[in-house]
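Chains R and X, in that order, are what the protein sequence lines are. What the first sequence shows, in the numbering used here, is residues 74 to 405, in sequence order. What the second sequence shows, in the numbering used here, is residues 1097 to 1594, in sequence order. Don't be surprised by glycine CBs; every beta carbon is placed ideally from N, CA and C. Working notes, beginning with the structure itself.
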Amino acid sequence: MEHLLAPLVGDASPVTVIGLCKNAGKTTAMRRLMAELGEERLALTSVGRDGESTDLVTGTEKPDLYVKAGDLFATARGMLSLCDPTLEVVGLTDVMTPLGPVAILRALSDGYIQLAGPSAAGQLPPLTKTFLELGAQRVLIDGAAGRKSLAGAGVEGVALLCTGASLDRDMELVVAETAHTCWLFSRKPPENPALRQALEGLEARFALFTPEGEPLELPLDESGGPRWNKLPRQHLVVWAAGGIMDPLLKTLARRGAPTTLVAADATHVLAGRAALDLFLRNGGELLVRRELTIAAVAANPWSAYGWHFEGDKFVQALRQAIDLPVVNVKEA
Amino acid sequence: MKLTLELRENAGLQWVLERLSPMSPFGRTAARDLRWYGPGEEAALEEELDNVALSMELWNAGASRPQELPCGCGGAELDPAELKDAASALRGVTKQLPLFHDIRGSFDRDPGVPFDLVELFEIKHFLVTLERLVQAYDAMPALSGVTFPSLAEALDLMDPDGRRLPTFTVANSYHNDLAPLRAEKAKLEKAIRMTPDDKRGPLLEKRRVLAVQEDQLELVVRQDLTGKLMVWKDRFLSSMETLGRLDLIVAKAKLALRFGCVRPTLSTDKSITLRQVRHPQVEEDLRNRGESFTPLDLDLGKGCTVITGANMGGKTVSLRSTVLSLLLCQCGFFVFAQSAALPLFHRVELILADSGPGAGGLSSFGKEVHLLDKLLRETKDQFFFVALDEFARGTNPQEGAALARALVRHLGSLDCVALMTTHYDGVSDVAGAHYQVAGLVRDIQGDEGDDPRKRIARRMDYRLLPAPPGAPCPRDALRVCRLLKLDDTLMELFQADL
């Protein structure tokens, strides 16, 4: 088999396969990657997924993954009846899902499995650590799909971003959205070490700093929300822990002084392109506390809704807009 | 006796239990559902206290900086070398305790419903962990009444190759047909790997058929294992109960070491003797404010003892300390005191005047009377203890004092030990004994700017001193109000009216 994705992810582990929307070709990319990494002992799990075998939104079937003997995987106990390799239970985590606790299993033969791993991002790092202790050479995570589902759903290691015609009928819009997501993922942490340190472990919803990392008091209203119109008219750093939406960007854009906005990571920026553009054009700067890396973009010209793009044209358009490797997983 | 949440919270038992740290799910159940040792169960309680004492000695000996244990602890007579070995054996036991998962739910089933793979894994994990724990336990002096039924056969069943690995799979050895079927399937899977994607269809279909057959064989095996394991259900459950008991004993020992608690002795003459008794919750609260707790001495005989004294003189704390000591002792704990000799009661009750919300439509007076009536009805032919905080203070003083006196007299005729605080004169006249808070005895000037609570604490001698029956209640309300900086105009009116 021609190695298409494996060279792009290199030695990175974990690799999180994420989708820009449902049916963006996440599973296809995941299968392809598993096949290309066939010599390695893999460990698989998913995050932010509910585990139903049919997609409730589109009615399309969620395909199984075919693992090889020796691979490890973590899935909810309730999914085991859908897994057909000879299985060895090697552990039981305290991660609970609607389908029971997440168990860690070793496939003693080849076979089909269904993944329903942790739903919260914080539960992934201990799990990947356990995988490595059990001898896994690389961890693959079936990540979330859709910008909103991605927020805080845990992107570990490097990401493989899947995009495709399912996002919209309009190819230009799909390309622009994909480029926007790649741009977000290329945001960097602050360069000032004092500021970086000040942000480390910060749990407040919002916090205010000078560009040199000096904490400033954030004016609050009666309900405890920030009073953005009371901010001093100087270059400020605003930390926002949760999802960043349009209103916050628009408010900060109009406050009359440059603002550096720091998000937890790229997945937390949920605002639309227009609001972000307005913020940046008014002297705004967007940084992240945790840098995420996209190793490559996997394009799927076929949608689940009946329309599709011309494969070559779609890939070419993406390549022009994005400074990252773009591959057509379906065609390859 | 049922330890209600209200009683646990009012007495401070809840605070103590929150600092108890059992390590296994079974220990947590045992701590939630504490055994009450009542009259006639003295031997069982002594056995439990022996166990706690032994665990304390062993745990302490294994600590990096062992404490000097107060007398009354340390049941085992071991030479230093044996003690060291036993201490590390106990550490070996407690290392296993947090590894247990609660699998009681798995055994609550019809034996015909097979365990799933994860349940079988959990059972094997339980058996392997239990074996390690029992190995460590066998190397220390046994705790009385803590013995584990043998589950060796079950472990052999779940671990046919004897490797004690912490994993479970339906091994080939469980069914004669499994090995050939799995070999055939493996051969096919190898062929699938060699075949290009688009030509795998028929092979995958063949594999699917074999996978279904394998699943059916595994089901047969699981059914068989379930049937066999369920035969030992009682042993499994009793092992888990014993684990809970062991875990709780160690937790009690660690708590006693942490707070310097003492083993209570059981008195045979129905009297309570407490020396330097403390209330740990109040003590911690005081320590956080930079103050210290004054330990109390109390001797309570049959009948009702009355405590009088200044407001904010710690009367209620003395009730709570006494009730906490009794509850802890009768649940097999060491107590927060320098020494304690306590009898066993059928029932221990604490009736506080401030009822707060949830009194079920009763006023504070109504609630007190209701609780008292309920207690008296339920303890006919029982030996009980009751502590009453300013009983009948919520009604008019003349009637209230008469009711309090009547109650003290009545309690004196019952098979009980009672302790009552009051501000009413004439109540101590009819009591079996009378204590008075030493009170606001210290004359201090020049701290007007300080926190009123601190100013009162500085002037207050919290010790309980025996007082003659009928000694009048102190008149300290005015001074306390002044120290609390009550409004000047109001103070003037108050003083003029006295």
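Taking only beta carbons into account, state which residues of the stretch 181 to 205 of chain R come closer than 9 Å to chain X, listed in chain order. Leu181, Ser182, Asp183, Gly184 and Tyr185
Within its chain, find whatever has a CB closer than 7 Å to the CB of R:Asp294; leave out the 5 residues flanking it on each side and keep chain order. Arg300
Whether or not the stretch 1534 to 1541 of chain X and the stretch 1510 to 1522 of chain X are in contact is what I'm after, with contact meaning three or more pairs of Cβ atoms, one per stretch, closer than 8 Å; do they touch? no
X:Cys1577, enclosing beta strand (DSSP E) - first and last residue: Not the beta strand (DSSP E): X:Cys1577 falls in the alpha helix (DSSP H), residues Ala1573 to Leu1579.
For X:Arg1333, collect the residues of the same chain with a Cβ closer than 8 Å to its Cβ; drop the 5 residues on either side in sequence, then sort them by chain order. First, the amino acid is wrong: residue 1333 of chain X is Leu here, not Arg. If we look at X:Leu1333 and ignore the five residues flanking it on each side, its Cβ neighbours are Arg1200 and Phe1203.
Please report the Cβ distance between X:Val1358 and X:Ala1527, rounded to the nearest whole angstrom; I am assuming they are in contact, meaning their Cβ atoms lie under 8 Å. Not quite, the Cβ-Cβ distance comes to about 28 Å (not below 8 Å), so this is no contact.
Do you know how far the Cα of X:His1271 is from the Cα of X:Phe1217? 18 Å
Could you please give the first and the last residue of the uninterrupted alpha helix (DSSP H) stretch that includes X:Cys1425? Lys1411 to Gln1426
Classify R:Tyr139 as buried or exposed, calling it buried when 16 or more other Cβ atoms lie within 10 Å of its own Cβ. buried
Indicate whether X:Ile1368 and X:Asn1147 have their beta-carbon atoms separated by less than 8 Å. no
Endpoints, the alpha helix (DSSP H) within which R:Asp197 is located: Checking the sequence shown, residue 197 of chain R turns out to be Leu, not Asp. Note, R:Leu197: alpha helix (DSSP H), Leu197 to Glu206.
Under 8 Å between C-beta atoms, does X:Ala1279 make it to chain R? So no, X:Ala1279 is outside the interface.
Pull up the distance between the alpha-carbon of X:Gly1258 and that of X:Ala1248, whole angstroms please. 11 Å
Kindly list, in the order they appear in chain X, the residues whose Cβ is closer than 8 Å to that of R:Glu113. Chain X residues near R:Glu113: none, gap ~15 Å exceeds 8 Å.
Three or more beta-carbon pairs under 8 Å between the stretch 208 to 218 of chain R and the stretch 79 to 89 of chain R, yes or no? yes
Touch test, the stretch 1176 to 1188 of chain X against the stretch 1149 to 1164 of chain X, Cβ-Cβ under 8 Å, three pairs minimum: yes
Can you pull the chain X residues whose beta carbon is under 9 Å from the beta carbon of R:Leu165, in chain order? His1197, Val1214, Phe1217, Glu1218 and His1221
Reduced DSSP secondary structure (H/G/I, E/B, other) of R:Ala405: Low confidence applies here, because R:Ala405 scores a pLDDT of 49, under 50, leaving its location unreliable and the question unanswered by this model.
Chain-ordered residues of the stretch 1252 to 1264 of chain X with a beta carbon less than 7 Å from chain R: Thr1263 and Phe1264
If we define contact as Cβ-Cβ less than 8 Å, is R:Thr159 a contact residue for chain X? yes
Taking R:Leu304 as the reference, which of R:Gly329, R:Thr254 and R:Thr236 has the closest Cα? R:Gly329
Where does the unbroken alpha helix (DSSP H) through X:His1442 begin, and where does it stop? Unbroken run through X:His1442: none, as it is neither H nor E.
Could you spell out the range, first to last residue, of the alpha helix (DSSP H) harbouring R:Tyr479? With chain R represented from 74 up to 405, any question about residue 479 of chain R goes unanswered, as that position is not in the structure.
Below 8 Å between beta carbons: does that hold for R:Phe204 and R:Ala116? yes
Under 8 Å between C-beta atoms, does R:Ala176 make it to chain X? yes
With distance defined between alpha-carbon atoms, name the residue in X:Gln1163, X:Pro1237 and X:Asp1521 nearest to X:Ala1057. Outside the modelled stretch of chain X, which goes from 1097 to 1594, sits residue 1057 of chain X, for which no answer is possible.
Of the residues X:Pro1237, X:Ser1240 and X:Phe1244, which one's Cα is nearest the Cα of X:Glu1227? X:Phe1244
If you reduce the DSSP assignment to three classes, tell me which class R:His341 lands in. helix
Using the beta-carbon of each residue, which ones in chain R are nearer than 9 Å to X:Glu1249? Those within 9 Å of X:Glu1249 in chain R number zero; the least Cβ separation is about 22 Å.
For R:Glu295, which three-state DSSP category applies? coil
Is it buried or exposed, X:Gly1535, if we count other Cβ atoms within 10 angstroms and call 16 or more buried? buried
What do you get for R:Leu129, buried or exposed, if any count of 16 or more other CB atoms within 10 angstroms of its CB means buried? Confidence in R:Leu129 is poor, its pLDDT being 47 and thus under 50, which makes the residue's placement too unreliable to answer from.
Looking at the unbroken alpha helix (DSSP H) that takes in X:Leu1586, where does it start and where does it end? Asp1584 to Asp1593
Check each residue of the stretch 139 to 152 of chain R: if its Cβ is closer than 7 Å to any Cβ of chain X, include it; give the result in chain order. Arg150
Distance, Cα to Cα, R:Leu334 vs R:Gly356? The straight-line gap from Cα to Cα measures roughly 11 Å.
I'd like to check one pair, R:Phe279 with R:Ala313: are the Cβ atoms closer than 8 Å? The answer is yes: Cβ separation under 8 Å.
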